[in-house]
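2 protein chains.
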Amino acid sequence: MTSAKTAAAWDRVEFETKLRERGRSYHIHHPFNVMLNTGKATPEQIRGWVANRFYYQIAIPIKDAAVLSNCNDREVRRGWIQRILDHDGFEIGGVKDPGGIEAGCAWGSGGPHARGDRGPAPPDPGGEVCGRRLRQLRAPRALAGGGVLVADRALRARDPQAAPRHWPEHYGWIEPDGLNYFRNRVSRARRDVEQGLAVTLDHFTTRPMQERALEILQFKLDILWAMNDAMALKYGVNP
Amino acid sequence: MTSAKTAAAWDRVEFETKLRERGRSYHIHHPFNVMLNTGKATPEQIRGWVANRFYYQIAIPIKDAAVLSNCNDREVRRGWIQRILDHDGFEIGGVKDPGGIEAGCAWGSGGPHARGDRGPAPPDPGGEVCGRRLRQLRAPRALAGGGVLVADRALRARDPQAAPRHWPEHYGWIEPDGLNYFRNRVSRARRDVEQGLAVTLDHFTTRPMQERALEILQFKLDILWAMNDAMALKYGVNP
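Chains A and B, in that order, give the protein sequences. Okay, so the first sequence: first residue is 1 according to our numbering, each after it adds one. Okay, so the second sequence: first residue is 1001 according to our numbering, each after it adds one.
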């Protein structure tokens, strides 16, 4: 077996294939997520997921700022900063966007505490468990990995189950406004994919770097999977 | 003498006064900077300053992203991100800004290498010395200091010598376009001051924290002073 140190770099097509192969362990295949996206979840399970997803979401700008601060390429930064703007919102010139975190707040109590560092009051305090774990795992340097990788978006964008787009059919009790965030994510995720994948394919050009990129991707996938494990234990998985 | 640990916190007015007192060691008082801003510099000295200033400038978005990634308050992030947008430029909706780094590139060769990680070709390789030093000193965590301080802007904005606004009178040979960056900085620096100072006064509320804020401010002032020392040694100071 050839070791990664001496092996030739994969070409772009091979490397992209290797990245996409990791999609097998993407969290959409987790039993808890499958349950959510096939209409089998109770309101309590949905609310539990939302509360935990919200904790994940409020850490996104922190993560992306860590990526930016490790990136010396202005062109890449100009693209990447959009991820922070998408979540924190902005008002520049006449253009305004309340941002994804604000949209997430719509699911909470709507009170001031939902807009700060803490999420909406979760169904019970146990709902915070994944969020806390995520913050401990945050490890910006590992995630930043030279200022590049979120190629898992590439996996997500191709899979219609990734965003809860079938929720309106399955869960009529959810206020349509509450789903705006996810609707907006579809086109934004596609844009993020294009940039994330291009940067990854451009920058990881030796075999050891490409192997490292796969490890970083796996780390991200493991976080999402672990969040689903925690939610499955807390809220249960219906048959 | 009361130790910082047990002393009462300064009130906002006292604390702001202490911060502003540090202005005595602001780099505008450095002999090299005084020379520049009183019309006594040669074109070589001006170009040397520009090349070094440019290296400082291209590190600004990296520094501000490090601050963002240490900041859990979305409202503060929404204000702070403007500093990155100012330097990297952006295109959002119909609103466009080439950014301060692009403006800095106007001073260089204008070739593609000026737009990447490296600055314009300096008058000679020695011109890079401060830039390299700054990158080593970058120490984002120290600068971030809990996600807050750039209160030295408060000092800068009040002093008309801070931005080279008298350069058009002193140095007729400089293309007016080359000074746009500095013209734009005046109003932007004022906005940054307001946010930086408010955040600092709001967050550093115990005496030990306030003492720490003064140390962080001094660190920033020392970097700027050290840059001017390096330039004075390299390019000389005219009487």
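Backbone N, C-alpha and C fix where the C-beta goes; we use that ideal spot for every residue, glycine too. Please read these numbers as outputs of a predicted model, since none were measured by experiment.
Margin query: Would B/I1081 pass as an interface residue toward chain A - the criterion being a Cβ-Cβ separation below 9 angstroms?
Written below: As a first step, residue 1081 of chain B must be located in the second sequence, where it is residue number 81. Judged by the 9 angstroms Cβ criterion, B/I1081 is in contact with chain A.
Next item on the list: At 7 angstroms on the CB atoms, spell out the chain D contacts of A/G89, in chain order.
Entry: Looking for chain D here will not work: the only protein chains present are A and B.
Item checked: Residue closest to A/A226, alpha-carbon to alpha-carbon, out of A/I28, A/T6, A/V13 -> Translated into the one-based positions of the first sequence, residue 226 of chain A becomes position 226. Ranking A/I28, A/T6, A/V13 by Cα distance to A/A226 puts A/I28 first.
Note to self: Assuming B/A1103 and B/Y1181 are in contact, meaning their beta carbons sit under 8 angstroms apart, how far apart are those beta carbons, in whole angstroms?
What the structure shows: Sequence index remark: in the second sequence, residue 1103 of chain B carries index 103 (1-based). Sequence index remark: in the second sequence, residue 1181 of chain B carries index 181 (1-based). Correct: roughly 4 angstroms between the Cβ atoms.
Item checked: Unbroken stretches of the alpha helix (DSSP H), 4 residues or longer, contained in the region 1157 to 1237 of chain B -> 1167 to 1170, 1180 to 1203, 1207 to 1235
Notebook entry, point to check: In chain A, which residues lie with their C-beta within 7 angstroms of the C-beta of B/I1223?
Noted result: By one-based count along the second sequence, residue 1223 of chain B stands at place 223. Those within 7 angstroms of B/I1223 in chain A number zero; the least Cβ separation is about 17 angstroms.
Margin query: Would B/L1069 pass as an interface residue toward chain A - the criterion being a Cβ-Cβ separation below 9 angstroms?
Written below: On the second sequence, residue 1069 of chain B is found 69 positions in, with the first residue counted as 1. Strictly speaking, residue 1069 of chain B in this sequence is Ser, with Leu absent from that position. Yes, its Cβ sits closer than 9 angstroms to a Cβ of chain A.
Next item on the list: Would you mind sorting B/S1187 into buried or exposed? The rule is 16 or more other CB atoms within 10 Å of its CB.
Entry: As a working mapping, residue 1187 of chain B is identified with position 187 in the second sequence. B/S1187 should be labelled exposed.
Check: Taking Cβ-Cβ distances shorter than 7 angstroms, what residues in chain B pair up with A/G93?
Finding: The count along the first sequence starts at 1 and reaches residue 93 of chain A at position 93. Going along chain B in sequence order, the residues near A/G93 (Cβ under 7 angstroms) are V1095.
Notebook entry, point to check: Is there a Cβ from chain B that is less than 9 angstroms from the Cβ of A/I84?
Noted result: Your numbering for residue 84 of chain A matches position 84 in the first sequence. Yes - at least one Cβ of chain B is within 9 angstroms of the one on A/I84.
Next item on the list: Could you have a look at A/K96 and say whether DSSP puts it in helix, strand or coil?
Entry: On the first sequence, residue 96 of chain A is found 96 positions in, with the first residue counted as 1. Three-state result, A/K96: strand.
Check: Of all the options B/W1049, B/R1024, B/P1043, which has the alpha carbon lying nearest to the alpha carbon of B/N1033?
Finding: Locating residue 1033 of chain B in the second sequence gives position 33, counting from the first residue. Cα-wise, what sits closest to B/N1033 is B/W1049.
Check: Closest to B/K1007 by CA distance: which of B/G1023, B/V1076, B/P1208, B/E1215 is it?
Finding: By 1-based counting over the second sequence, the position of residue 1007 of chain B is 7. Residue identity differs from the one stated: residue 1007 of chain B is Ala in this sequence, not Lys. Answer by Cα proximity: B/P1208.
Item checked: Spatially closest choice to B/D1088 from A/S69, A/A41, A/H87, by CA coordinates -> Start at 1 with the first residue of the second sequence, and residue 1088 of chain B comes out as number 88. When only C-alpha atoms are compared, the closest one is A/S69.
Check: Under the DSSP definition of a beta bridge, which residues are partnered with B/F1090?
Finding: Sequence index remark: in the second sequence, residue 1090 of chain B carries index 90 (1-based). Note: B/F1090 sits in a beta bridge opposite B/D1097.
Item checked: Assigned secondary structure, A/T69 (DSSP; H/G/I helix, E/B strand, else coil) -> For the purposes of this step, residue 69 of chain A is identified with residue 69 of the first sequence, where counting begins at 1. Note on identity: in this sequence residue 69 of chain A is Ser, with Thr being the wrong assignment. Reduced to three states, the DSSP call for A/S69 is coil.
Checklist line | Close Cβ partners of B/K1040 (< 6 angstroms) along its chain, the five nearest in sequence each way excluded | finding: Position 40 of the second sequence, counted from the start, is the residue given in the question as residue 1040 of chain B. Counting only Cβ-Cβ distances below 6 angstroms, and skipping sequence neighbours, we find N1238.
Margin query: Restricting to Cα atoms, I'd like to know which of A/G100, A/H30, A/E215, A/Q45 is closest to A/E234.
Written below: Locating residue 234 of chain A in the first sequence gives position 234, where the first residue counts as 1. For clarity, residue 234 of chain A is Lys in the given sequence; the question names Glu instead. Residue A/Q45 holds the alpha-carbon nearest to the alpha-carbon of A/K234 among A/G100, A/H30, A/E215, A/Q45.
Next item on the list: Throw me the rounded Cβ distance for the A/I84 and A/D64 pair, which I believe falls under 8 angstroms.
Entry: As a position in the first sequence, residue 84 of chain A is number 84, starting the count at 1. As a position in the first sequence, residue 64 of chain A is number 64, starting the count at 1. 5 angstroms between Cβ atoms; contact.
Checklist line | Simplified DSSP assignment, three categories, for A/G39 | finding: Taking the first residue of the first sequence as 1, we reach residue 39 of chain A at position 39. A/G39 falls in the coil class under three-state DSSP.
Item checked: Cα-Cα separation between A/R47 and A/D192, rounded to whole angstroms -> By one-based count along the first sequence, residue 47 of chain A stands at place 47. By one-based count along the first sequence, residue 192 of chain A stands at place 192. Distance from the CA of A/R47 to the CA of A/D192, rounded to the nearest whole angstrom, comes to 27 angstroms.
Notebook entry, point to check: When you compare only the Cα positions, how much space is there between B/V1067 and B/A1213?
Noted result: Translated into positions along the second sequence, residue 1067 of chain B becomes position 67. Translated into positions along the second sequence, residue 1213 of chain B becomes position 213. Their backbone Cα atoms lie some 14 angstroms apart in a straight line.
Item checked: For B/E1075, the nearest candidate out of B/T1205, B/L1224, B/Q1195 (CA to CA) -> Here residue 1075 of chain B is taken as the residue at index 75 of the second sequence, counted from 1. Residue B/Q1195 is the option with its Cα nearest to B/E1075.
Item checked: Among B/M1231, B/D1202, B/L1197, B/D1229, the one whose alpha carbon lies nearest that of B/L1217 -> Along the second sequence, one-based indexing puts residue 1217 of chain B at 217. It is B/L1197 whose Cα lies nearest to the Cα of B/L1217.
Next item on the list: Taking all protein chains shown into account, decide if B/V1199 is buried (16 or more other Cβ within 10 angstroms of its Cβ) or exposed.
Entry: Residue numbering aside, residue 1199 of chain B sits at position 199 when the second sequence is read from its first letter. Classification for B/V1199: buried.
Check: Whose Cβ in chain A lies nearer than 7 angstroms to the Cβ of B/A1065?
Finding: Translated into positions along the second sequence, residue 1065 of chain B becomes position 65. Under the 7 angstroms cutoff, chain A gives A65, L68, S69.
Margin query: Is A/R191 close to chain B? Criterion is C-beta to C-beta, closer than 9 angstroms.
Written below: Counted from its first residue, the first sequence places residue 191 of chain A at position 191. Taking Cβ atoms only, chain B never reaches closer than 9 angstroms to A/R191, which makes this a no.
Margin query: Looking only at its chain, what residues have a beta carbon closer than 8 angstroms to the beta carbon of A/I174, apart from the 5 residues adjacent to it on each side?
Written below: The sequence position of residue 174 of chain A within the first sequence is 174, counting from 1. Taken in chain order, the residues that qualify are I46, W167, P168.
Notebook entry, point to check: Nearest to B/I1101 by CA position, among B/G1094, B/A1232, B/Y1055, B/D1073, is which residue?
Noted result: Start at 1 with the first residue of the second sequence, and residue 1101 of chain B comes out as number 101. Closest option to B/I1101, judged by alpha-carbon separation, among B/G1094, B/A1232, B/Y1055, B/D1073: B/Y1055.
Item checked: Whether A/P31 touches A/A232 by CB criterion (9 angstroms) -> For the purposes of this step, residue 31 of chain A is taken as the residue at position 31 of the first sequence. For the purposes of this step, residue 232 of chain A is taken as the residue at position 232 of the first sequence. Yes, these two residues count as a Cβ contact at 9 angstroms.
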